[in-house]
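What follows is a single structure, written as structure tokens, with notes after it.
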Amino acid sequence: MIHQLMSFTMASNVFILEDDITVMVDAGMGLSRRVTDYVEEKGLTIDVLVNTHCHVDHTGGNGLFPHAKIYAHELDAPDIEAGSQKTLWHFGFERPFKFPVSKVLKEGDIINTGNHNLSVIHTPGHTEGSMSLYEEDTGVLFSGDCVFDMGIGRMDFPTGNAEDMKKSLKRLLTLDIETIYAGHGGIGTKDSIRTGLEFFF
Ligand SMILES: [Zn+2]
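In this note's numbering, the protein residues as written are 35 to 235.
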């Protein structure tokens with residue numbers, strides 16, 4: 035089961051794949067009790083926290099789940115650990131967020147949760163270490179800030195790159211995708227990728 039905690043603020047959406055190993059995809063900003071209250075109410079234990087990339091609006095909430103293992107792509111993991119400028123902590127925070135990464139992921143890695151297999155798809159463009167998680171059986175894609183229901187991620191932040199973004203979107207278009215659980219906004223479909231490519235490139 036996938037729990038969807040859609041955000042109405044700057045914080046990222048938060049998705050929880052409840053299974054033998056329960057995985058949270060992005061943790062929001064961590065400034066309210068919205069996510070922790072939900073997790074408590076549903077009696078969930080978060081085993082793994084996947085950060086689709088290093089930005090604070092996706093990682094700030096990591097600190098609310100100190101027992102969860104944090105997974106991130108190898109190119110963004112060092113920034114999450116160091117709380118570097120690349121994480122954009124300076125957007126309204128006095129001190130950087132720093133979190134230890136338990137597992138560094140790369141293209142092709144599989145996260146097996148028991149009944150689900152999530153493949154890591156490296157989708158740079160928003161940051162160099164941005165990744166999406168894809169479940170082939172169900173056509174589910176967790177896209178982080180690569181592609182949204184309506185639009186694509188910004189390419190002007192540190193290590194953002196328009197050419198990378200274009201390649202990432204083209205790559206995603208080759209997959210059988212039914213549902214896109216994006217980092218912000220509503221739930222997307224494969225058309226979101228097509229529209230993003232047509233509109234921005
Ligand atoms: Zn971002």
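The beta-carbon is built from N, C-alpha and C at its ideal position, and this holds for glycine as well. All values derive from a computational prediction rather than experimental measurement.
| message | Shorter than 8 Å, the distance from the beta carbon of glycine 94 to the closest heavy atom of ligand 1, or not? | response | As a first step, residue 94 must be located in the sequence shown, where it is residue number 60. No, Cβ of glycine 94 sits at least 8 Å from all heavy atoms of ligand 1.
| task | Locate the alpha helix (DSSP H) running through valine 73, then write down its first and last residues. | result | Here residue 73 is taken as the residue at index 39 of the sequence shown, counted from 1. Run containing valine 73: 68 to 75, per the alpha helix (DSSP H) assignment.
| task | In angstroms with no decimal places, state the Cα-to-Cα distance between phenylalanine 29 and proline 130. | result | Because residue 29 is not part of the residues shown, which for the chain are 35 to 235, the question remains open.
| query | By the 10 Å Cβ neighbour count, where 16 or more other Cβ atoms means buried, how is glutamate 74 classified, buried or exposed? | reply | Numbered from 1 along the sequence shown, position 40 holds the residue referred to as residue 74. Flag for glutamate 74 reads exposed.
| task | Answer yes or no: do glycine 194 and threonine 161 have a C-beta to C-beta separation smaller than 9 Å? | result | For the purposes of this step, residue 194 is taken as the residue at position 160 of the sequence shown. For the purposes of this step, residue 161 is taken as the residue at position 127 of the sequence shown. Yes.
| query | Who's in the neighbourhood of ligand 1, going by beta-carbon under 5 Å from any heavy atom, listed in chain order? | reply | His89, Asp179
| Helix, strand or coil at methionine 199 [DSSP, three-state] | Here residue 199 refers to the residue found at position 165 of the sequence shown. Helix, per DSSP.
| request: Give a yes or no on contact between the segment 75 to 92 and the segment 43 to 59, applying the rule of three or more CB pairs nearer than 8 Å. | output: yes
| field | Beta-bridge pairing of serine 153 - partner residues as DSSP gives them | value | Sequence index remark: in the sequence shown, residue 153 carries index 119 (1-based). Looking at the DSSP assignment, serine 153 forms a beta bridge with Ile144, Tyr168.
| query | isoleucine 211 CB to nearest chain D CB: under 9 Å? | reply | Annotation note: the requested chain D is absent from the structure, which comprises a single protein chain.
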